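S.K.:
Number of protein chains: 2
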Amino acid sequence: MPKIDGQRLLRDLYALREIGPYKTGVHRPTLSPDDVRSRHWLAERLTDAGLVAEIDGIGNVFGRCRAPGQKILMGSHLETQDHSGWLDGAMGVVFGLEVARALGQGIDVAAWCDEEGHFGSFIGSRSFCGLLPEEEIDRCTFRADGTPLRVALERAGFAGRPRAQLDPARYRGFMEAHIEQGAELEDKALRIGVVTAIVGSHRFRIVFEGAQNHAGTTRMAVRKDAGVALVSLAAAINARFPAIVGPRTVWTTGRITLNPGAPSIVPGGAEMLFQFRDTDPAMLARLQEELEALVAEANKGPCRVTIVERSKSVPQQMDASFQAALDRSAELNAPGLHQRMPSGAGHDAQVLAERMPSAMMFVPSIRGVSHHYSENTADADLVLGCQVFADAAAEVLG
Amino acid sequence: MPKIDGQRLLRDLYALREIGPYKTGVHRPTLSPDDVRSRHWLAERLTDAGLVAEIDGIGNVFGRCRAPGQKILMGSHLETQDHSGWLDGAMGVVFGLEVARALGQGIDVAAWCDEEGHFGSFIGSRSFCGLLPEEEIDRCTFRADGTPLRVALERAGFAGRPRAQLDPARYRGFMEAHIEQGAELEDKALRIGVVTAIVGSHRFRIVFEGAQNHAGTTRMAVRKDAGVALVSLAAAINARFPAIVGPRTVWTTGRITLNPGAPSIVPGGAEMLFQFRDTDPAMLARLQEELEALVAEANKGPCRVTIVERSKSVPQQMDASFQAALDRSAELNAPGLHQRMPSGAGHDAQVLAERMPSAMMFVPSIRGVSHHYSENTADADLVLGCQVFADAAAEVLG
Numbered sequence: 016m017p018k019i020d021g022q023r024l025l026r027d028l029y030a031l032r033e034i035g036p037y038k039t040g041v042h043r044p045t046l047s048p049d050d051v052r053s054r055h056w057l058a059e060r061l062t063d064a065g066l067v068a069e070i071d072g073i074g075n076v077f078g079r080c081r082a083p084g085q086k087i088l089m090g091s092h093l094e095t096q097d098h099s100g101w102l103d104g105a106m107g108v109v110f111g112l113e114v115a116r117a118l119g120q121g122i123d124v125a126a127w128c129d130e131e132g133h134f135g136s137f138i139g140s141r142s143f144c145g146l147l148p149e150e151e152i153d154r155c156t157f158r159a160d161g162t163p164l165r166v167a168l169e170r171a172g173f174a175g176r177p178r179a180q181l182d183p184a185r186y187r188g189f190m191e192a193h194i195e196q197g198a199e200l201e202d203k204a205l206r207i208g209v210v211t212a213i214v215g216s217h218r219f220r221i222v223f224e225g226a227q228n229h230a231g232t233t234r235m236a237v238r239k240d241a242g243v244a245l246v247s248l249a250a251a252i253n254a255r256f257p258a259i260v261g262p263r264t265v266w267t268t269g270r271i272t273l274n275p276g277a278p279s280i281v282p283g284g285a286e287m288l289f290q291f292r293d294t295d296p297a298m299l300a301r302l303q304e305e306l307e308a309l310v311a312e313a314n315k316g317p318c319r320v321t322i323v324e325r326s327k328s329v330p331q332q333m334d335a336s337f338q339a340a341l342d343r344s345a346e347l348n349a350p351g352l353h354q355r356m357p358s359g360a361g362h363d364a365q366v367l368a369e370r371m372p373s374a375m376m377f378v379p380s381i382r383g384v385s386h387h388y389s390e391n392t393a394d395a396d397l398v399l400g401c402q403v404f405a406d407a408a409a410e411v412l413g
Numbered sequence: 016m017p018k019i020d021g022q023r024l025l026r027d028l029y030a031l032r033e034i035g036p037y038k039t040g041v042h043r044p045t046l047s048p049d050d051v052r053s054r055h056w057l058a059e060r061l062t063d064a065g066l067v068a069e070i071d072g073i074g075n076v077f078g079r080c081r082a083p084g085q086k087i088l089m090g091s092h093l094e095t096q097d098h099s100g101w102l103d104g105a106m107g108v109v110f111g112l113e114v115a116r117a118l119g120q121g122i123d124v125a126a127w128c129d130e131e132g133h134f135g136s137f138i139g140s141r142s143f144c145g146l147l148p149e150e151e152i153d154r155c156t157f158r159a160d161g162t163p164l165r166v167a168l169e170r171a172g173f174a175g176r177p178r179a180q181l182d183p184a185r186y187r188g189f190m191e192a193h194i195e196q197g198a199e200l201e202d203k204a205l206r207i208g209v210v211t212a213i214v215g216s217h218r219f220r221i222v223f224e225g226a227q228n229h230a231g232t233t234r235m236a237v238r239k240d241a242g243v244a245l246v247s248l249a250a251a252i253n254a255r256f257p258a259i260v261g262p263r264t265v266w267t268t269g270r271i272t273l274n275p276g277a278p279s280i281v282p283g284g285a286e287m288l289f290q291f292r293d294t295d296p297a298m299l300a301r302l303q304e305e306l307e308a309l310v311a312e313a314n315k316g317p318c319r320v321t322i323v324e325r326s327k328s329v330p331q332q333m334d335a336s337f338q339a340a341l342d343r344s345a346e347l348n349a350p351g352l353h354q355r356m357p358s359g360a361g362h363d364a365q366v367l368a369e370r371m372p373s374a375m376m377f378v379p380s381i382r383g384v385s386h387h388y389s390e391n392t393a394d395a396d397l398v399l400g401c402q403v404f405a406d407a408a409a410e411v412l413g
């Protein structure tokens, strides 16, 4: 069996952590100077590992194995959320690098650009899978300041390069390792999660139109309070959903805005950002139906309620034989300390899964923290996780 | 009976409308250059009317009658809400000016500084009534940019002047005319409202503390979603209050904030600005009790809910004999087209009412709009209202 070098793995993770450090985490938004530095750093490490390194026209970094035969593609992403953790994405990339070194051949490594969505939705992995048209690139802008993606690619020095395209014949499949971003493994004192499926999500903006008025002079009977309509719908969702959801369904109202948002003005407008996630397409359809029924009911009140679909992703099942290999490898390296589980978060693997067999593996997140600079995983779990990943890849490559 | 000059009244209102115009309304925040110009404009008009004009150390504008004998103090405010209406405040001030001219004597005019609360709460009228300590002035800042009130008064040229103080022996009482800011008069095709009482209000910030988490990876069972806690309390208020309130009680959630407010993050914090108003102190106490009970109930959930009192004002009854004089004057000038009604909005008259007999009169607001640049009242209603006000003042003065 291949033996990974735990110290080398940790050294690389620590080195990457020094590119754009923020408190105990990292601030490395997509195509920021630090993010571009991290891509060049990775390309150098891939070259050192004997791979053919390339950064393509969308900012994806590849390290390709020179040996013949089918490969496993392995990776994740390098950019981070703002002022966020050092492992979210970076760990999966460095696992790929280390497994490539440990196995000597059969592994291609990829760092997908912008999994974190600073410019768009999975633009790097979708580009590779032939799912990102040029016109969409034209429209993408940096969410923080509106800089066009084209301009950012130009500044990074990546504009004009070809965008690498998937050759399905080259690959046995795709494997992505990631931190769990939840506390389930830690709560159960487990060390490895083998992902069964990545949830699909439906995301909405729900808009309420009423009539803005003075909060002192407008009697309750004549009000068209958009905030009251919003609270009423949100409460109805929270009352009705538990009766129909599955054990893993999640639903979230992440933002509420009342307009104009002044203490003494009856809100004339309101908006909520709402989403739900599940691994079962039938459940997602059922929830959408329920949401639409509740919105129809809400429209019987004095305000107009409209539902706008922001995005919709379908659940992706992970490949059964990869899962079985990961199970065996986990049992070998951490007997009894692993489980199968869905991924509640979206990952590049859900895009790759549309084109080839794909798999994901989780390591524990301390206290379940993610998207925060205090995100962390025990060094021992990082080393164990990489060994499990390497053994599983070796088994799949046969 | 005194006869007001309707054309002169409208000319003055139109002139004032040109100081800080915004669309069909006015943008004249307290002590802004336009607001200061409007105060000097008024002082000049008061001088022209034969009154002794003064702008005092808090920005109040006065026009004092030189004749002996008890006076009626009459006025409202000059500053506006941001990008707001041309009549809210200004009308009451110009009614005072016109009635002073029409009666020839017996009227003092006042424009109270900052009724709209850009810096504080009724600082002008409270200063005049001896209810604004120097230390509170030290703490007041402009809500939009934090400029200290002391600095704004200095820039306006009013710093260092004495703050005029009420001499109760001088006055028979205070009268304030105002737009209704609601649609009740219009709905009933009435032209004059005689105010019975000004509501008291209790205003709160309700704070919810939960735990911020990933909206995909955090199962519903372990969430401490501050937004869910907020929606649940707001819905409970809307469900419970109707059973206990009076016919004129109003309650409003004007702002809701979820923290961090991102679509895919379970909110770790939330806040709502909540208020209720009524003319009956016992009802206000009952509502406060109910709110506290609901918050106590909310604290049984996974989030911590705290209630912070932002401000509390007591209901103020308007003087009975002034009301009777306004009734008679309204019946004389607009037979059958007037009613008694409470004021749901706060006004300087509620401050003056703490020190002397006070009265308010409303004219219709077209479609009930206020705190918006489209706020308006028919010219004929402005002229009629001023005549009713003048006749009532003449009767009170004997």
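If you read the sequences in order, they're chains W and P. Start counting at 1 in the first sequence, then tack on 15, and there's your number in this note's numbering. Start counting at 1 in the second sequence, then tack on 15, and there's your number in this note's numbering. The C-beta atom is built at its ideal place from N, Cα and C for all residues, glycine as well. A quick note: this is a predicted structure, and the numbers were derived from the prediction, not measured.
Interface residues of chain W around Ala277 (chain P) at Cβ under 9 Å?
M.R.: In the second sequence, the residue the question calls residue 277 (chain P) occupies position 262. Neighbours of Ala277 (chain P) on chain W, chain order: Gly269, Arg270, Leu288, His386.
S.K.: For Pro163 (chain P), which beta-bridge partners are listed by DSSP?
M.R.: In the second sequence, the residue the question calls residue 163 (chain P) occupies position 148. Under DSSP, Pro163 (chain P) takes part in a beta bridge, and its partners are P:Thr156.
S.K.: For Gly400 (chain P) and Leu146 (chain P), what's the separation of their Cα atoms in angstroms?
M.R.: To locate residue 400 (chain P), count along the second sequence from 1; it is residue 385. To locate residue 146 (chain P), count along the second sequence from 1; it is residue 131. Roughly 31 Å between the two C-alpha positions.
S.K.: How about Ile19 (chain P) and Ala405 (chain P): are their beta carbons less than 7 Å apart?
M.R.: As a working mapping, residue 19 (chain P) is identified with position 4 in the second sequence. As a working mapping, residue 405 (chain P) is identified with position 390 in the second sequence. Cβ distance < 7 Å, so Ile19 (chain P) and Ala405 (chain P) count as in contact.
S.K.: Just checking: is the beta-carbon of Ile280 (chain W) within a distance shorter than 7 Å of some beta-carbon in chain P?
M.R.: For the purposes of this step, residue 280 (chain W) is taken as residue 265 along the first sequence, with counting starting at 1. Yes, because at least one Cβ of chain P sits closer than 7 Å to the Cβ of Ile280 (chain W).
S.K.: Quick one: complete beta strand (DSSP E) runs, 3+ long, within the stretch 205 to 275 of chain P?
M.R.: Fully enclosed beta strand (DSSP E) runs of 3 or longer: 207 to 213, 215 to 224, 265 to 274.
S.K.: Report the three-state DSSP secondary structure of Leu399 (chain P) (helix, strand or coil).
M.R.: If you number the second sequence from 1, residue 399 (chain P) lands on position 384. Residue state, collapsed to three classes: helix.
S.K.: Can you have a look at Gln365 (chain P) and say buried or exposed, based on whether 16 or more other CB atoms are within 10 angstroms of its CB?
M.R.: Along the second sequence, read from residue 1 onward, the residue named residue 365 (chain P) stands at position 350. The residue is buried, with at least 16 neighbouring Cβ atoms inside 10 Å.
S.K.: For Leu273 (chain W), return the contacting residues in chain P, with the cut-off set at a CB-CB distance below 8 Å.
M.R.: Locating residue 273 (chain W) in the first sequence gives position 258, counting from the first residue. Within 8 Å Cβ-Cβ: Thr268, Gly269, Arg270, Ile271.
S.K.: Below 8 Å on C-beta distance, what does Ser247 (chain P) contact in chain W?
M.R.: For the purposes of this step, residue 247 (chain P) is taken as the residue at position 232 of the second sequence. Under the 8 Å cutoff, chain W gives Ala250, Asn253.
S.K.: Report all residues from its chain with a CB closer than 7 Å to the CB of Gly90 (chain W); omit the five preceding and five following residues, and keep chain order.
M.R.: Along the first sequence, read from residue 1 onward, the residue named residue 90 (chain W) stands at position 75. Excluding positions up to five away in sequence, the list reads Gly107, Val108, Gly111, Val124, Ala125, Ala126, Trp127, Glu191.
S.K.: In whole angstroms, what is the alpha-carbon distance linking Gly383 (chain W) and Thr233 (chain P)?
M.R.: Counted from its first residue, the first sequence places residue 383 (chain W) at position 368. Counted from its first residue, the second sequence places residue 233 (chain P) at position 218. If I take the Cα positions, the gap works out to 8 Å.
S.K.: Looking only at C-alpha atoms, which of P:Glu151, P:Ile70, P:Gly197, P:Asp50 sits nearest to Ala58 (chain P)?
M.R.: As a first step, residue 58 (chain P) is located in the second sequence; it is residue number 43 there, counting from the start. Closest by alpha carbon: P:Ile70.
S.K.: For Gln96 (chain W), would you say it is in contact with chain P, using Cβ-to-Cβ distances shorter than 7 Å as the test?
M.R.: Against the first sequence, residue 96 (chain W) aligns to sequence position 81. Judged by the 7 Å Cβ criterion, Gln96 (chain W) is not in contact with chain P.
S.K.: Can you pull the chain B neighbours of Glu195 (chain W), defined as C-beta to C-beta under 9 Å?
M.R.: Of the protein chains in this structure, namely W and P, none is chain B.
S.K.: What are the complete alpha helix (DSSP H) segments, minimum 4 residues, inside the stretch 294 to 377 of chain W?
M.R.: 296 to 313, 335 to 348, 363 to 367
S.K.: Going by DSSP in three states, Leu28 (chain W) sits in which element: helix, strand or coil?
M.R.: Within the first sequence, numbered from 1, the residue matching residue 28 (chain W) stands at position 13. In the three-state DSSP reduction, Leu28 (chain W) falls in the helix class (H, G or I).
S.K.: Verify whether the separation of the beta carbon atoms of Leu28 (chain P) and Ser53 (chain P) is less than 7 Å.
M.R.: The count along the second sequence starts at 1 and reaches residue 28 (chain P) at position 13. The count along the second sequence starts at 1 and reaches residue 53 (chain P) at position 38. No, Cβ-Cβ distance for Leu28 (chain P) and Ser53 (chain P) is not below 7 Å.
S.K.: What in chain W is Cβ-close to Ala360 (chain P), meaning under 9 Å?
M.R.: The residue given as residue 360 (chain P) occupies position 345 in the second sequence. The contacting residues are His229, Ala230, Gly231, Thr232, Ser279.
S.K.: Let me know if Glu286 (chain W) comes out buried or exposed under the rule of 16 or more other beta-carbons within 10 Å of its beta-carbon.
M.R.: Mapped onto the first sequence, residue 286 (chain W) falls at position 271. Looking at its Cβ environment, which holds 16 or more other Cβ atoms inside 10 Å, Glu286 (chain W) is buried.
S.K.: Which first and last residues belong to the beta strand (DSSP E) in which Gly191 (chain P) is found?
M.R.: Taking the second sequence and counting its residues from 1, the one referred to as residue 191 (chain P) is at position 176. The question names Gly, yet the displayed sequence has Glu at residue 191 (chain P). In the DSSP assignment, Glu191 (chain P) falls within the beta strand (DSSP E) that extends over 186 to 194.
S.K.: Report the CB separation of Gly104 (chain P) from Val214 (chain P) in whole angstroms; it is logged as a contact under 8 Å.
M.R.: Mapped onto the second sequence, residue 104 (chain P) falls at position 89. Mapped onto the second sequence, residue 214 (chain P) falls at position 199. Beta-carbon to beta-carbon, Gly104 (chain P) and Val214 (chain P) are separated by about 18 Å, too far to satisfy the 8 Å threshold.
S.K.: From the beta carbon of Val323 (chain W), is the nearest beta carbon of chain P less than 7 Å away?
M.R.: Taking the first residue of the first sequence as position 1, residue 323 (chain W) is located at position 308. Output row for Val323 (chain W): interface = no.
S.K.: With a threshold of 16 other CB atoms inside 10 Å of the CB of Ile152 (chain W), please say whether the residue is buried or exposed.
M.R.: For the purposes of this step, residue 152 (chain W) is taken as residue 137 along the first sequence, with counting starting at 1. Per the 10 Å Cβ criterion, buried.
S.K.: Tell me which same chain residues have a C-beta within less than 7 Å of the C-beta of Gly261 (chain P), skipping the five on either side of it?
M.R.: Here residue 261 (chain P) is taken as the residue at index 246 of the second sequence, counted from 1. Correct list, in chain order: Asp293, Asp295, Met298.
S.K.: So, helix, strand or coil for Phe137 (chain W), using DSSP?
M.R.: Along the first sequence, one-based indexing puts residue 137 (chain W) at 122. Residue state, collapsed to three classes: coil.
S.K.: What is the residue span of the alpha helix (DSSP H) that Glu113 (chain P) lies within?
M.R.: As a working note, residue 113 (chain P) is residue 98 in the second sequence. Element bounds for Glu113 (chain P): 105 to 118.
S.K.: Should Ala408 (chain W) be listed as close to the ligand SAM, given that the test is whether its C-beta is under 6 Å from any heavy atom?
M.R.: The ligand SAM is not part of this structure, which contains no ligands at all.
S.K.: From the beta carbon of Met235 (chain W), is the nearest beta carbon of chain P less than 7 Å away?
M.R.: The residue given as residue 235 (chain W) occupies position 220 in the first sequence. Under the Cβ criterion of 7 Å, Met235 (chain W) is counted among the residues facing chain P.
S.K.: Check whether the stretch 339 to 357 of chain P touches the stretch 236 to 243 of chain P, counting contact only when three or more Cβ pairs, one atom from each stretch, lie closer than 8 Å.
M.R.: no
S.K.: Quick one: what's got a C-beta closer than 8 Å to His386 (chain P)'s C-beta in the same chain, skipping five residues either side?
M.R.: Counting from 1 along the second sequence, the entry for residue 386 (chain P) is found at position 371. For His386 (chain P), where only same-chain residues beyond five positions count, the Cβ hits under 8 Å are Gln96, Ser99, Gly100, Asp103, Gln196.
S.K.: According to DSSP, is Ser99 (chain P) helix, strand or coil?
M.R.: To locate residue 99 (chain P), count along the second sequence from 1; it is residue 84. Reduced to three states, the DSSP call for Ser99 (chain P) is strand.
S.K.: Among W:Ala198, W:Met376, W:Arg255, W:Asn274, whose alpha-carbon lies nearest the alpha-carbon of Thr211 (chain W)?
M.R.: Here residue 211 (chain W) corresponds to residue number 196 of the first sequence, with the count starting at 1. Comparing Cα positions, the closest option is W:Met376.
S.K.: Beta-carbon of Gly261 (chain P) versus every beta-carbon of chain W: anything under 7 Å?
M.R.: The residue given as residue 261 (chain P) occupies position 246 in the second sequence. Not closer than 7 Å to any Cβ of chain W, the Cβ of Gly261 (chain P) fails to qualify, so no.
S.K.: Compute the beta-carbon to beta-carbon distance between Gly361 (chain P) and Gly231 (chain W), rounded to the nearest angstrom, for a pair I have assumed lies under 8 Å.
M.R.: The residue you call residue 361 (chain P) lines up with position 346 of the second sequence. The residue you call residue 231 (chain W) lines up with position 216 of the first sequence. Correct: roughly 7 Å between the Cβ atoms.
S.K.: Okay, do the stretch 299 to 309 of chain P and the stretch 165 to 184 of chain P touch, 3+ Cβ pairs below 8 Å being the bar?
M.R.: no
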